[in-house]
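Using our numbering, the letters of the sequence shown map in sequence onto residues 57 to 364. Cβ atoms here follow ideal geometry from the backbone N, Cα and C, with glycine treated the same way. Source: prediction; values computed, not measured. Taking it in order: structure first as C-alpha cells, then the write-up.
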Amino acid sequence: MSAISVNQLCKSYDGRQAVDELSFEVQKGETFALLGPNGAGKTTTIEILEGYRKADSGRVSVLGLDPETDGAELKRRTGLVLQTTALEPELTITETITAFARLYREPRDVGAVLVDVNLAHLQDNRVGNLSGGQKRRLEIALGIVGNPELVFLDEPTTGLDPEARRKIWTLIQRLNANGCTIVLSSHYMDEVQALASHMAIMVNGQIAAEGRPLDLQRQHCTHATIRFDADEKLPDGFPAKLAAVTAVQNGHAELVVTNPVPALSTLTSWSQTSGYDLSSISVTRQSLEDIYLQLVSQRQDKPQSDTP
57 MSAISVNQLC
67 KSYDGRQAVD
77 ELSFEVQKGE
87 TFALLGPNGA
97 GKTTTIEILE
107 GYRKADSGRV
117 SVLGLDPETD
127 GAELKRRTGL
137 VLQTTALEPE
147 LTITETITAF
157 ARLYREPRDV
167 GAVLVDVNLA
177 HLQDNRVGNL
187 SGGQKRRLEI
197 ALGIVGNPEL
207 VFLDEPTTGL
217 DPEARRKIWT
227 LIQRLNANGC
237 TIVLSSHYMD
247 EVQALASHMA
257 IMVNGQIAAE
267 GRPLDLQRQH
277 CTHATIRFDA
287 DEKLPDGFPA
297 KLAAVTAVQN
307 GHAELVVTNP
317 VPALSTLTSW
327 SQTSGYDLSS
337 ISVTRQSLED
347 IYLQLVSQRQ
357 DKPQSDTP
C-alpha cells in the first residue's frame, strides 16, 4: 500500500518549470530516498508533500490525505527533520522535547524518545551546550515525538563526524524497523545505500532513474576495473589482448573492461603459467555515486529544448 502517491505533479516559478509532470510512489514501511542536484526540484516536491507549498497541477496523496486541503491532519501524522531547526538554547533537552510533544494529540512518551535517540543521559543538559551530533539527535527526537506514521528527513547527517553519522543511521534503521515510513533527502551515496530500500534521482524536475539502489547499480553500470600490483611496466609475456587496455601507474596495473570475467580468466591462466603473483588483484564496479553523477550529467547535458 502506498504511503505517498504523486501523479503528474507540476510546479513552476516565474515561467521556469521546477517540477515537470512528476510521478512516483512511496510504499508504506519503506525508506525512500529522493535525490538530485541543486535546482532539480526535490525540495519543491518535498514541500508540496509536506503541505507547505501548493502545486500548480497534478495529484498528490500522503497517508491518504491531500496535503493542500488536509494540512492540519497531515501534520499530526507526520514528522519533519529539517536541515537546521531553531531551538531555544536555554531549555534543557527534556524541556524541548516535552514542549513539542504537547503539540500532538497522541505523542510518544518523552522518556522513551530520549532512549531512542540516545540522549537520556543528557536529558537535563541545555540545548546551547550540545555538540553537533547531539543536536542532530535532538532534532530527530522532535521529528518523532508526535508518533508519526511518516517522517521526512532532510540531509540528516550533514556536517557530522563518522561516528555521529553511524549512530543516526542506526536510529533511522530502528525507526524504519518499527514500521515508520521515511522519505530521505541526502547528498551522501553511502548513506542512501545503507538506509534506502528504494530511491529516485531527480534532474530538471523529472525522475531520471528509480528503483532499488543495487538494481540501479546493476542496470547502469557500464564497466568494471581490474587492478593488481605491477612495476613501472607490464611484465614480459603479458597477454597481448589485455596489454592494449591495461595502463600501469603508481605501482599498479589497471584494466577497464565491460565484462571482467573473460579478462580475469585470461589473467589467472597467464599467472599460473608464468608464476606472476596476482595475490593483490581486485575487481570493482562503478559505485552508486558514480551512477548518480553519470545520470545527472547525461540529463543536464541535454539540449535546452529537451529540459524544463
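Proximity winner among the options, relative to residue i (alpha-carbon distances)
i           : options            : result
residue 282 : 300, 258, 319      : 319
residue 105 : 353, 240, 339, 270 : 240
residue 197 : 227, 111, 277, 128 : 227
residue 62  : 83, 70, 73, 217    : 83
residue 169 : 348, 186, 194, 217 : 194
residue 177 : 276, 148, 216, 121 : 148
residue 267 : 303, 348, 202, 166 : 348
residue 184 : 234, 145, 279      : 145
residue 111 : 173, 172, 66       : 66
residue 234 : 219, 200, 242, 250 : 200
Sequence-distant residues of its chain with Cβ nearer than 8 Å to residue i (five each side left out)
i           : result
residue 64  : 77, 78, 79, 113, 114, 115
residue 291 : 330, 332
residue 308 : 283, 284, 285, 286, 336
residue 362 : Note that residue 362 scores a pLDDT of 39, beneath 50, so its modelled location is shaky; the value from the coordinates is reported in the next line. The answer is none, since no qualifying residue turns up.
residue 400 : Given a span of 57 to 364 for the chain in the structure shown, any question on residue 400 remains unanswerable.
residue 276 : 265, 342, 347, 350, 351
residue 224 : 189, 192, 193, 196, 212, 213, 216
residue 155 : 147
DSSP state of residue i mapped onto helix, strand, coil
i           : result
residue 57  : coil
residue 308 : strand
residue 141 : coil
residue 247 : helix
residue 115 : strand
residue 86  : coil
residue 354 : helix
residue 176 : helix
residue 216 : coil
residue 201 : coil
residue 359 : With a pLDDT of only 48 at residue 359, under the threshold of 50, the placement of this residue in the model should not be trusted; the figure read from the coordinates follows. If DSSP states are grouped into helix, strand and coil, residue 359 belongs with coil.
residue 182 : strand
Chain B contact for residue i (CB, 8 Å cutoff)
i           : result
residue 127 : In summary, chain B is missing from the structure at hand, where a single protein chain is found.
Endpoints, beta strand (DSSP E) assigned at residue i
i           : result
residue 72  : 72-83
residue 135 : 134-137
residue 207 : 206-210
residue 238 : 237-241
residue 259 : 254-259
residue 281 : 280-285
Same chain, Cβ closer than 7 Å to residue i, neighbours up to 5 away in sequence not counted
i           : result
residue 86  : 237, 253, 254
residue 295 : 322, 326
residue 92  : 98, 257, 258, 259
residue 304 : 286, 288, 289, 290
residue 74  : 67, 68, 97, 100, 261
For residue i, the first and last residue of its enclosing alpha helix (DSSP H)
i           : result
residue 271 : 269-276
residue 169 : 166-172
residue 155 : 149-157
residue 325 : 316-330
residue 343 : From DSSP, residue 343 is part of no alpha helix (DSSP H); its letter is neither H nor E.
residue 300 : Neither: residue 300 is in no alpha helix (DSSP H) and is coded neither H nor E.
Own chain residues within Cβ distance below 6 Å of residue i, not counting five before or after
i           : result
residue 351 : 257, 264, 265
residue 60  : 82, 118
residue 57  : 84
residue 262 : 76
residue 89  : 240, 248, 252, 255
C-alpha distance - residue i paired with residue j, whole-angstrom precision
i           : j           : result
residue 336 : residue 244 : 29 Å
residue 152 : residue 356 : 43 Å
residue 142 : residue 192 : 12 Å
residue 206 : residue 101 : 16 Å
residue 136 : residue 124 : 17 Å
residue 209 : residue 344 : 20 Å
residue 359 : residue 211 : At residue 359, the pLDDT of 48 sits below 50, so the modelled position is not reliable and the matter cannot be decided from this model.
residue 108 : residue 121 : 14 Å
residue 312 : residue 246 : 23 Å
residue 280 : residue 301 : 12 Å
residue 306 : residue 180 : 54 Å
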